[in-house]
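Residues in the sequence shown are numbered consecutively from -18, following my numbering. For glycine and all other residues, C-beta sits at the position ideal for the given N, C-alpha and C. Worksheet: the structure to be examined is printed underneath.
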Amino acid sequence: MSRFKVLRWLTRFVPSRVTVTWRERLRSGGGALFGIALTGAVAHRLPGGDPSVPYLIAPMGASAVLLFGVPASPLAQPWSIIGGNLVSATVGVTAAMWIPDPVPAAAVAVAVAICAMFTLRCVHPPSGAVALTAVLGGPAVHALGYEFVFAPVALQSFLLLGGALVYHAATGHRYPHAARRPAKAAGPAPAQAGYARADLEAVLRDRDELLDIDTDDLETILHDAEIRAYARSFGELTCADVMSRNVVSIAAATTVGEARSLLRRYDVKALPVVDAQRRVKGIVTRADLADEGREHPPLRLVLYAVARAFRPRAAPAQHVAALMTTHVMTVAATTPIVELVRIFAGRGHHHVPVVDEQRRLAGIITQADLISGLYQQARTPQHEPA
């Protein structure tokens, strides 16, 4: 083995750089303090408890590291701690009963527990220590038999999990973890040069090892990295640079007929609905107003006219407030246009209102505006700094 390979191998022992902020580190430590204290206090004070049963077993400390330190890990999810600990405790008690020698019993208990956790999809590293505790816990633990599975293991596992649920909810953290998946369009995914989820899943299968990260999280990280790289290639271009500033907007009290007239007069496909302070309250489109006359070819227009003759007429002077979409996706004028790529391509939007610092309507961006801006940016020579 060459010296270079030896040095490269030794560098694997160097700890990785920690990217977690001090705020998150303190939050994790505070969670462990709360969870372990809650588990021990409740288990110790339960009426009718057996004094020979330990009110805190050592594996709970390891579980606390996962539940509070790395709550996004697949190994730290509720089924992992509950299923992993109960299965391992059962295996450990069984091994202690049937194998007199503690060393072989411990080895068999941990090995079988790992295989069982993989099978039941509840891999939880501290559960290996639970299996060892069942074998090496001494006469007090052995005297419990299978009661060890329920108290202390199940009891303390549920208490610690309950503490984690309460603490994460109180501190604004998602637990159980739900990955923020990149938004998908309603239709089939367009062909693109980047990777697809099927590619990612195939690569993970080829590795044939358990990675301590959820597939959805990994996909999100890769997607965000692509967006950052794309943003870097397009510099500082923002929504303010590509938006249409002369926006035709309406009030919620505008009638449907007036809105249709504005759509035709200005040849636009959407009208932002604003209040007296020009804050966006909704948006109406041609589809919302059933403005089919502009969209259909002559033959379909005739069929539409015939069908409309037998359709009950809407009440006169109907206001757009009854038809508008109230949950409107807006972007700030300072938002990099790369975020628009995510919105238009991933969420199926065709027009997005742009707001200023006071959340007032400042413009609107269509897919055509975005494409034009990207094209102009691509044609602009990139000068190297002097």
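{"Query": "Would you tell me roughly how many angstroms separate the C-alpha atoms of Asp180 and Ala53, rounded to the nearest one?", "Result": "23 Å"}
{"Query": "Looking only at DSSP bridge pairs, what is Ile346 linked to?", "Result": "Val333"}
{"Query": "Spatial neighbours of Pro265 within its chain, please: C-beta separation below 8 Å, excluding the five flanking residues on both sides.", "Result": "Residue identity check: residue 265 is Val in the sequence provided, not Pro. Closer than 8 Å at the Cβ level, and outside the excluded window around Val265, lie Ile231, Ala240, Ala251, Leu252, Val254, Val301, Leu304, Met305, Thr306."}
{"Query": "Taking the Cβ atom as the reference point for each residue, do Pro107 and Gly10 lie within a distance shorter than 9 Å?", "Result": "no"}
{"Query": "Beta carbon of Ala43: closer than 8 Å to some heavy atom of the ligand GDP?", "Result": "As for the ligand GDP, it is missing from this structure, which has no ligand bound."}
{"Query": "Within its chain, find whatever has a CB closer than 8 Å to the CB of Gly21; leave out the 5 residues flanking it on each side and keep chain order.", "Result": "Tyr36, Leu37"}
{"Query": "Let me make sure I understand the geometry here. Which of Pro55, Glu5, Pro59, Pro334 has the alpha-carbon closest to that of Leu199?", "Result": "Pro55"}
{"Query": "Could you tell me which of Val134, Ile62, Gly119 sits nearest to Pro83, measuring between CA atoms?", "Result": "Gly119"}
{"Query": "For Phe(-15), collect the residues of the same chain with a Cβ closer than 7 Å to its Cβ; drop the 5 residues on either side in sequence, then sort them by chain order.", "Result": "none"}
{"Query": "Taking the straight line between their C-alpha atoms, what separation do you get for Gly354 and Arg186?", "Result": "40 Å"}
{"Query": "Can at least three beta-carbon pairs, one atom from the stretch 98 to 118 and one from the stretch -13 to 6, be found at a separation below 8 Å?", "Result": "no"}
{"Query": "Check this for me: beta carbons of Leu125 and Ser33, under 9 Å apart or not?", "Result": "yes"}
{"Query": "Helix, strand or coil for His300 per DSSP?", "Result": "strand"}
{"Query": "Locate the alpha helix (DSSP H) running through Ala251, then write down its first and last residues.", "Result": "Unbroken run through Ala251 is the beta strand (DSSP E), 251 to 255; no alpha helix (DSSP H)."}
{"Query": "Taking the straight line between their C-alpha atoms, what separation do you get for His149 and Ile62?", "Result": "16 Å"}
{"Query": "Residues in its own chain within less than 8 Å of Ser138 by CB, not counting five upstream and five downstream?", "Result": "Met41, Ser44, Ile62, Ile63, Asn66, Leu67"}
{"Query": "Would you tell me roughly how many angstroms separate the C-alpha atoms of His308 and Gln339, rounded to the nearest one?", "Result": "18 Å"}
{"Query": "From the DSSP output, in three-state form, read off Pro317 for me.", "Result": "strand"}
{"Query": "Based on Cα-Cα distance, which residue from Val(-13), Trp79, Val261 lies nearest to Tyr127?", "Result": "Trp79"}
{"Query": "Assuming contact is defined by CB atoms lying nearer than 9 Å, are His332 and Gln357 in contact in what I supplied?", "Result": "no"}
{"Query": "Does the beta-carbon of Val335 have 16 or more other beta-carbons within 10 angstroms, so that it is buried, or is it exposed?", "Result": "buried"}
{"Query": "Return the chain-ordered list of same chain residues with a C-beta closer than 7 Å to the C-beta of Val116, the five sequence neighbours on each side being excluded.", "Result": "Gly73, Ala76, Ala77, Pro83, Ala86, Ala87, Ala90"}
{"Query": "Considering only residues of the same chain and omitting the five flanking positions on each side of Gly16, which have a CB-CB separation below 7 Å?", "Result": "Ala45, Leu48, Phe49, Leu141, Gly144, Ala145, Tyr148"}
{"Query": "Quick check on Tyr247: buried or exposed, where buried means 16 or more other Cβ atoms within 10 Å of its Cβ?", "Result": "exposed"}
{"Query": "Quick check on the burial criterion: 16 or more other C-beta atoms within 10 angstroms. Buried or exposed for Phe325?", "Result": "buried"}
{"Query": "State the start and end residues of the unbroken alpha helix (DSSP H) segment that holds Val(-13).", "Result": "-16 to -9"}
{"Query": "Consult DSSP for Gly263 and reduce its assignment to one of helix, strand or coil.", "Result": "strand"}
{"Query": "Out of Ala57, Arg226, Thr152, which one is the CA nearest neighbour of Glu5?", "Result": "Thr152"}
{"Query": "How would you label Arg260, buried or exposed, when you count the other beta carbons within 10 angstroms and need 16 or more for buried?", "Result": "exposed"}
{"Query": "In or out: Gly238 buried (at least 16 other Cβ within 10 Å) or exposed?", "Result": "exposed"}
{"Query": "Beta carbon of Cys220, beta carbon of Leu136: below 9 Å?", "Result": "no"}
{"Query": "Hey, could you find the ends of the alpha helix (DSSP H) Ser44 is sitting in?", "Result": "40 to 45"}
{"Query": "Expressed to the nearest angstrom, what Euclidean distance is found between the alpha-carbon atoms of Ile318 and Ala18?", "Result": "48 Å"}
{"Query": "According to the Cβ coordinates, are Ile346 and Val223 closer than 9 Å?", "Result": "yes"}
{"Query": "Evaluate Thr315 with the Cβ neighbour count: other Cβ atoms within 10 Å of its Cβ, from every protein chain shown; 16 or more gives buried, anything less gives exposed.", "Result": "exposed"}
{"Query": "Buried or exposed for Ala13, going by 16 or more other Cβ atoms inside 10 Å?", "Result": "buried"}
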